[in-house]
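Participant: Okay, here's the structure, questions in a sec.
There are 2 protein chains.
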Amino acid sequence: MAVTNTRTRPGLEQMAELGQQLRVDAVRCSAAAGSGHPTSSMSAADLMSVLLTRYLRYDVGDPDDPHNDHLVFSKGHASPLLYAMLRAAGAISADELMTYRRLGSRLEGHPTPRLPWVDVATGSLGQGLPVGVGMALTGARLDRLPYRTWVLCGDSELAEGSMWEAFEHAGHAGLDHLTAIVDVNRLGQRGPTRHQWDLDAYARRMSAFGWRVIEVDGHDIAAVDRAFAQAVSTEGKPSVILARTRKGRGVASVEDREGKHGKPVPDPDEAVRELGGVRDLTVRVREPDRTGTPHRFPDGPLSLPAYEVGAKEATRTAFGRALAALGGARGDVVVLDGEVADSTRTEFFADAHPERFFECYIAEQQMLAAAVGMQALRRVPFAATFAAFWSRAFDFVRMAAVSRADLRLCGSHAGVSIGQDGPSQMGLEDLALFRTVHGSTVLYPCDANQTADLVVAMADRAGISYLRTNRGDTPVIYPAGERFPIGGSRTLRRSPVDELTIFAAGVTVHQAVEAANRLASEGVPARVVDAYSVKPIDAETVRAAAHETGHLLTVEDHWPEGGLGDAVLEVFATGAEPVPRVRKLAVRDMPASATPDEQLRAAGIDARGIAEAARALLDGSPD
Amino acid sequence: MAVTNTRTRPGLEQMAELGQQLRVDAVRCSAAAGSGHPTSSMSAADLMSVLLTRYLRYDVGDPDDPHNDHLVFSKGHASPLLYAMLRAAGAISADELMTYRRLGSRLEGHPTPRLPWVDVATGSLGQGLPVGVGMALTGARLDRLPYRTWVLCGDSELAEGSMWEAFEHAGHAGLDHLTAIVDVNRLGQRGPTRHQWDLDAYARRMSAFGWRVIEVDGHDIAAVDRAFAQAVSTEGKPSVILARTRKGRGVASVEDREGKHGKPVPDPDEAVRELGGVRDLTVRVREPDRTGTPHRFPDGPLSLPAYEVGAKEATRTAFGRALAALGGARGDVVVLDGEVADSTRTEFFADAHPERFFECYIAEQQMLAAAVGMQALRRVPFAATFAAFWSRAFDFVRMAAVSRADLRLCGSHAGVSIGQDGPSQMGLEDLALFRTVHGSTVLYPCDANQTADLVVAMADRAGISYLRTNRGDTPVIYPAGERFPIGGSRTLRRSPVDELTIFAAGVTVHQAVEAANRLASEGVPARVVDAYSVKPIDAETVRAAAHETGHLLTVEDHWPEGGLGDAVLEVFATGAEPVPRVRKLAVRDMPASATPDEQLRAAGIDARGIAEAARALLDGSPD
């Protein structure tokens, strides 16, 4: 039997039947896996049956069709339901469905883009809706196409603040092609949710945030159908279908019972019988609305700002100006900022390309998530805030790596060198955080021309790239137009008789050069390397320095853990060679307020501190 | 002239005068500093004048009085206003006020507990209200005293999802001794906020979250006074005073103007004249309400669970059981969980000590913030969620270190060894994140008895301690009652002729022992160290191993960056000695779903992978 919605509208009974099939398949595949979340799938099965049958517009044969709707499972643990839908839509086979959670299978415990019909990874709750907001923004403001974004949410995840960042952003932006479907099954992982089946409690909150709220019995197929119809007819605001459902619906031994989260049903064969047996319905999903073509902003020649050697400029300013120039060259570049564009200097881009600038206000999680949604839809997003405040969105960065997302992030106001504002505003762990991200790139330029070149390189870099910028002015030391390949470094001082090598990046490069000058005047030749590419580090240069100078001194405006010093040490952690004597200079005491120079002095990472450490390292009497 | 509220209620005019004094002092101290946020202080000056004069109940001479109210500046950048209040209250001198933002001053750019009247550091927006919720919970459920918690919030920070986690938690808990005062001055850092002066937009949201909302003109002293009176008379729900204000109020050159954020006013002398000149009012703050004594839960003997060597138990279970036992011994221990108590096993504590257990639902930021608030009020909080999801609250952890907070955090479900759930649920960066925290302790036990001992040690540990636990069962290898000092390690295999040392922790300890057995059978003696204390690492044992065996192999269920391997390398980063040959084994590819054993195998951190790596390290042919 084929359910099809292309000509005749499938009836309510057919949709009810499909709902049962989705349940049966969720039960079967999780039973075969010995783990998984069938009960969380069963509560939402009727909702997804109606969506798949009558409302979703999607070319299953061409997941990259720019006219496709997008469906995000914010409650990623309901992956059995998603995979059952894909089977019903003919995207995957019945056999593949049964590989759920096995080694090598694309059907992971939580959805990832290893499946071509999945845009982004989910599984950390509270992320799918914010990402969906990014997709809806792309549809409304960038592509300017009528496709819709559908997000299946759980009720437990409504406790996450990031969901309310999403409700706020979408409500204010009036994203009427975005619909959240909330599966209010009353039960979280360990018991009842805060509001259980008090749908009105949720409705009050969502209405207050500017959404159209449609309450429905999530197992009344006709009512669900009407709810979707209301959602698609809503204009000027996003819509949410608040569906009262029962977890484990359809199988008495688990339905609406505590202690049944995240495990196969106890007797799968009996459950399948109770659900009416295995079915083999297929759905021909509606064709996308192919009205219009995706809007494209024009490309143009790249005209990067150039800085005179010897001038002074902050790397954050160079970042902003380069970004504006890049935006003129590439129509696919978009920029997001967390209400600090005057500090990060993305204001230059905002002024030049207002249609491609997204003010996210002080909501770093929503900002990062929107960027993830935009890159999934073929954009090249850059997002910026203070380096310290990326720690606010780090779970989203972590999940973006699971999403195989290509993102370019900038953190300004790095380190103690910001000065008087004190430790709450100082990014002192950002290098460590971004170095842990799988497949990441971590860059830390020391002058304006270097910054500009790296910004351009980031646009074509796969994975998550992070650029660290400084607040204060630094001297321009490289001529405009020089290239700074990712994975490279620049040796600023060297001689055949160097007794040690100082590795620095960003603000400490200039201190290191000054320290080398002092040491030279004392007859101690020191090599200085500008390690602007912290990850990947220039291993060849590190090894050569170790071989030739025997002593390595690393200097960073960062906590001792996980930054430049560890990146240098990492080169020797393959066991292939003994490591030379290495000393790490970093920020070791909690800073307070002081001028930038006083801060560098107090942390011992100014020229004087570096020179002292170098002498001690050579004397064999450090610390 | 002295403004006093102990007998006669100070009049409106006096409060208006004090408001002007607070503005003048904010202007003066930021002008002297050459930086700071006078305009953000001036908008809230009338609000704080009324609070300080008539409503705050606080013994300035004894900031540790348990009956004191608490005042948190969630908009920490308005520190000049706070310091001006402290001067007016006689806590600091006029001279000290003028040290604002100078090297060595307690008056930092953003408030920190270096000032005894400041409970917690603020400055990363969106954190003060969630921390205030923790204080109000302490008052209502632990201390059971009538003190109040007041939180001054900015309007910009209402974009942070964490604020809505706080509104949700406090509203649902009915914390009627909590009052938020929102300074709606319409202007954020870089321009207008999303809702500007649309107080109704905020009011709808906060009402929907169960708060009593009081809208007011924040410069109408009489109206502000009535608003506070309404707030303190509110029962059964928290209250919020939504105050329409003007940024830079009182100085025409900056009042309600863009581009005047975060900098001294242009002409301070003229501004002070415009504000009516320097004043020298003092306020005698109302005495605390000394009704009652703080409730204390009883202490008792400590009776830790004991596990038989050779039995199998998950360290997460041992954590939960030890925590329950600790709760019986210490009445000051409280526990918070993010709706995963059945996974983290804090459910044992919840069952044994329900009055001291706080269900925070899936809101990790609010959970961490509540713990920060509770430790500021003399409690010993433990908080737990999946290791991966601590990344959600990391900005709060970062700020907790600035707060000099003593916190005990547990992350369960660490590493690829969780198995089928896949990468979204795997904590693979948690060791790196927590190692970057200033003054932190990072522990990773491998068996149940070791876990229990470390849980007890954490209770007395200053700073932020983190315990990593595993999902699956591991064999018990240590007898009950053995001690595992923080900073120590256990050498599990050793001989005088060891050719290398394997450093492992948690799940990899058991794999390392098995690898050593395999190597021994091939005639390769290998030392095995259980490095359960990742930070501080047992440097002496690391050095001895390097000296005696020459080759070090580290093995961790974690990304390569920032974890155990880097902790071992860190020992050699003082430059005092050359580094031996070191190889780090870690998780290098993005995992997917598979069984725990398959995961360890795929990552090359099982016994076979360790033995292979050991042979290659000794052969000098790694990788």
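Those sequence lines, one after another, are chains F and Z.
Counting in full-length UniProt numbering, the first sequence runs without a single skipped number right up to 623 at its last residue.
Counting in full-length UniProt numbering, the second sequence runs without a single skipped number right up to 623 at its last residue.
Where is the CB? At the ideal position from N, CA and C, for every residue including glycine.
(1) Apply the 10 Å Cβ neighbour rule to G300 of chain F and answer buried if 16 or more other Cβ atoms are within range, or exposed otherwise.
(2) Let me check understanding here. Comparing Cα to Cα, which of Z:R106, Z:G171, Z:H172, Z:T245 lies closest to L198 of chain Z?
(3) Can you check DSSP and say which residues form a bridge with L552 of chain Z?
(4) Please decide whether G248 of chain Z counts as near chain F, where near means a Cβ-Cβ distance under 8 Å.
(5) What does DSSP give as the partner residues of P192 of chain Z in its beta bridges?
(6) V582 of chain Z CB to nearest chain F CB: under 8 Å?
(7) What does a CB cutoff of less than 7 Å around N5 of chain Z pick up in its chain, not counting 5 residues either side in sequence?
(8) In angstroms, rounded to a whole number, what distance separates the CA positions of G422 of chain Z and R392 of chain F?
(9) Given that a residue counts as buried once 16 or more other Cβ atoms are within 10 Å of its Cβ, and exposed if not, what is R144 of chain F?
(10) Can the beta-carbon of Y147 of chain F be found less than 8 Å from the beta-carbon of D332 of chain F?
(11) So for W390 of chain F, helix, strand or coil by DSSP?
(12) Could you spell out the range, first to last residue, of the beta strand (DSSP E) harbouring I486 of chain Z?
(13) Under 7 Å between beta-carbons, which chain F residues line up against G174 of chain Z? List them in chain order, please.
(14) From G609 of chain F to L81 of chain Z, what does the alpha carbon distance come to, in whole angstroms?
(15) How would you label R101 of chain F, buried or exposed, when you count the other beta carbons within 10 angstroms and need 16 or more for buried?
(16) Would F358 of chain F pass as an interface residue toward chain Z - the criterion being a Cβ-Cβ separation below 8 Å?
(17) Quick one: what's got a C-beta closer than 7 Å to V213 of chain F's C-beta in the same chain, skipping five residues either side?
(18) What residues of chain F sit near D395 of chain Z, judged by a beta carbon separation below 7 Å?
(19) At the level of alpha carbons, what is the spacing between A505 of chain F and G565 of chain F?
(20) Check distances from the C-beta atoms of the region 361 to 373 of chain F to those of chain Z and list, in chain order, the residues that come in under 7 Å.
(21) Could you name the residues of chain F that H110 of chain Z contacts, counting a contact when the two beta carbons are closer than 9 Å?
(22) Within its chain, find whatever has a CB closer than 7 Å to the CB of V442 of chain F; leave out the 5 residues flanking it on each side and keep chain order.
(23) Does any residue of chain Z bring its CB to less than 8 Å from the CB of I157 of chain F?
(24) In whole angstroms, what separates the C-alpha of V216 of chain F from that of F73 of chain Z?
(25) Output, in chain order, the set of chain F residues within a Cβ distance shorter than 7 Å of A432 of chain Z.
(26) Tell me where the alpha helix (DSSP H) around C410 of chain Z begins and ends.
(27) Any Cβ of chain Z within less than 8 Å of the Cβ of M1 of chain F?
(28) Assign L323 of chain F to one of three DSSP states: helix, strand, or coil.
(29) Quick check: residue 685 of chain F and D557 of chain F, are their CB atoms within less than 8 Å of each other?
(30) Taking 8 Å as the threshold (C-beta atoms), are I486 of chain F and R527 of chain F in contact?
(31) Taking the C-alpha atoms as reference points, what is the distance between V582 of chain F and V542 of chain F?
(32) P578 of chain Z versus chain F: which residues are under 8 Å apart at the beta carbon?
(33) For L617 of chain Z, go through chain F and note every residue whose CB falls closer than 8 Å to its CB, in chain order.
(34) Measuring straight from C-alpha to C-alpha, what distance separates T549 of chain F and A352 of chain F?
(35) Straight-line CA distance for A2 of chain Z to R461 of chain Z?
(36) Specify the secondary structure class of W211 of chain F as computed by DSSP and reduced to three states.
Facilitator: The structure says:
(1) Exposed, because fewer than 16 other Cβ atoms sit within 10 Å of the Cβ of G300 of chain F.
(2) At residue 198 of chain Z the sequence reads Asp, which differs from the Leu that was named. Cα-wise, what sits closest to D198 of chain Z is Z:T245.
(3) According to DSSP, L552 of chain Z bridges with Z:T501, Z:V582.
(4) For G248 of chain Z, the closest Cβ of chain F is not nearer than 8 Å.
(5) Beta-bridge pairing links P192 of chain Z to Z:L187.
(6) Answer yes: the Cβ-Cβ gap between V582 of chain Z and chain F drops below 8 Å somewhere.
(7) Annotation note: pLDDT 44 at N5 of chain Z (below 50); position unreliable, coordinate value reported separately. These residues qualify, in order along the chain: T53, R54, R284, R286.
(8) Spanning the two alpha carbons is a distance of roughly 23 Å.
(9) It counts as exposed.
(10) No, they are not a contact pair.
(11) Looking at W390 of chain F - three-state DSSP - the assignment turns out to be helix.
(12) Segment: none, I486 of chain Z is in no beta strand (DSSP E) and carries neither H nor E.
(13) Neighbours of G174 of chain Z in chain F, taken as residues whose beta carbon is under 7 Å from its own, are absent, since the nearest beta carbon is some 13 Å off.
(14) Looking at the two C-alpha atoms, the distance is approximately 36 Å.
(15) Buried: at least 16 other Cβ atoms inside 10 Å.
(16) Chain Z, which has no Cβ nearer than 8 Å to the Cβ of F358 of chain F, makes this no.
(17) Within the same chain, and ignoring the five residues on either side of V213 of chain F in sequence, the residues whose Cβ sits closer than 7 Å to its Cβ are A203, M206, S207, V240, L242.
(18) Neighbours of D395 of chain Z in chain F, taken as residues at a C-beta separation under 7 Å, are given in chain order as F389, S391, R392.
(19) When rounded, the distance between both Cα atoms is 10 Å.
(20) So the close ones are Y361, I362, A363, Q365.
(21) Neighbours of H110 of chain Z on chain F, chain order: D421, G422, P423, S424, Q425, S593.
(22) Contacts found: L431, F434, R435, Y466, V534, K535.
(23) According to the sequence as given, residue 157 of chain F is Glu; it is not Ile. So yes, E157 of chain F belongs to the interface.
(24) Computed Cα separation, rounded: 42 Å.
(25) By Cβ distance, chain F contributes A432, T436, G562.
(26) Run containing C410 of chain Z: none in the alpha helix (DSSP H); it sits in the beta strand (DSSP E), 407 to 412.
(27) With a pLDDT of 40 at M1 of chain F, under the threshold of 50, the modelled position of this residue cannot be trusted; read the value that follows with caution. For M1 of chain F, the nearest beta carbon of chain Z is not closer than 8 Å to its own beta carbon.
(28) Of the three classes helix, strand and coil, the one that applies to L323 of chain F here is helix, per DSSP.
(29) Residue 685 of chain F falls outside the range modelled here, since chain F spans only 1 to 623, and no answer is possible.
(30) No, the Cβ-Cβ distance between R527 of chain F and I486 of chain F is not below 8 Å.
(31) Taking the straight line joining both Cα atoms gives about 11 Å.
(32) P578, V579, P580, R581, listed in chain order.
(33) Correct list: G575.
(34) Taking the straight line joining both Cα atoms gives about 48 Å.
(35) Legend: pLDDT at A2 of chain Z = 45, less than 50; position of this residue unreliable, no value from coordinates given.
(36) Residue state for W211 of chain F is assigned as coil, using DSSP reduced to three classes.
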